[in-house]
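Heads up: the structure comes next, in structure tokens.
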Amino acid sequence: MNKSQKTLYRKTIRVNGERTSKYFSRKIDADRWYAEMKRKKEQTESGVEIQFESPTLKDYALNWLKTRLANGQPLSSFNQEESRLRMYVLPAFGHRKLSEIMSNEWEGFLNVLISKHKLHPATRNRVRAMMSKMYNDALRQNLVSRNPITLLPKLKESMKKWDYWATREETEKYLGAAKLEHYCHYLYASLSLNSGCRIGEILALDLKDVNLEKRRIRIWRILENASNTVQERTKGFTERWLGINDALVAAFENYKVHSKFLDESTPLIHKPDGTRH
């Protein structure tokens, strides 16, 4: 079927009179899920108790991290998860079997992150989310029978206080200083103020990504800070086109007048020698 302009594959199976349906973006995943559900149905109806060969948390976590990185997880996210596992989770539960750690044990562990390690509620919530994702993947692989993290609530996070320019004069002063500094700095400042793009998305732009005639910019890559490489993805893994307003048109015209690097493959925001910032 077609949903939000994406082809989805639907599989349905009935177990003990209960109908279960699920959608998948890839046919191979749909077929794999159906085969696994059919196997469980046959075991259930024959009275065979399903056994789970659960690995230790340490063994599963290390393979889980490597798989996520190989499947395109940003290196910065990988580094954060690896650090949280190594510093907090593995010392507490690394030797335990994944299926044997109870919800009350996880709740006590998460509370200790606040009381002993002095982590902020937001960081504690990220650890909770990471472990819930790990359990969901293990559940899909038939390595555990349940996810003990789903019962545990997230903590309320405090909102950060943002410092921002409150007046037009402050914004114009910033743009003026950027224009005096360098034409690339002025274009970067204009893009930051008028496009809403992330820093890495702006720094990954090439001249070919800009269509002044149609007044739009293609956002499809990001400069990954952790590896300092351009990755063909965005944070949301979705390509998008952004409109160019009059202020950005003026910034691009200024760029074209001053830049000696107008090849389509040239990084839009570049150093004096034309290489990417």
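Its first residue numbered 163, the sequence shown is counted upward by one per residue in the working numbering. Ideal placement from N, C-alpha and C gives every residue a C-beta, glycine not left out.
| Item | Value |
| --- | --- |
| Closest Cα partner of L440 within the set A409, N266, S354 | The structure shown does not extend to residue 440, since the chain spans only 163 to 439, so no value can be given for it. |
| Per DSSP, the bridge partner or partners of I384 | Q393 |
| Nearest to P217 (by Cα), restricted to the options T229, Q235, E262 | E262 |
| Same chain, Cβ closer than 8 Å to R288, neighbours up to 5 away in sequence not counted | Q242, R246 |
| Nonlocal neighbours in the same chain, by C-beta distance under 7 Å from E363, ignoring five residues either side | I381, I384, T396 |
| DSSP state of G405 mapped onto helix, strand, coil | strand |
| For Y417 and L305, believed in contact at Cβ under 8 Å, the rounded distance | That belief does not hold up - the Cβ atoms of L305 and Y417 are roughly 54 Å apart, past 8 Å. |
| Contact the segment 339-348 vs the segment 194-201: 3+ CB pairs below 8 Å | no |
| Cβ pair T169, S183 closer than 9 Å | no |
| Local conformation of P429 per DSSP, three classes | strand |
| Residue burial classification, S427 (beta-carbon count within 10 angstroms, cutoff 16) | exposed |
| 9 Å Cβ cutoff met for M296 and W403 | no |
| Pick from K370, V411, G436 that is closest to S421, judged by C-alpha positions | G436 |
| Status (buried if at least 16 other CB within 10 Å, exposed otherwise) for L342 | exposed |
| First through last residue of the alpha helix (DSSP H) which encompasses L281 | That residue, L281, is in no alpha helix (DSSP H); it is neither H nor E in DSSP. |
| Residues near A413 in its chain [Cβ-Cβ closer than 7 Å; skip 5 each side] | Y348, L349, S352 |
| Anticipated Cβ contact below 8 Å, N387 with S238, distance rounded | 6 Å |
| Under the three-state DSSP convention, the category Y171 falls into | strand |
| Coil, strand or helix - V372 by DSSP | strand |
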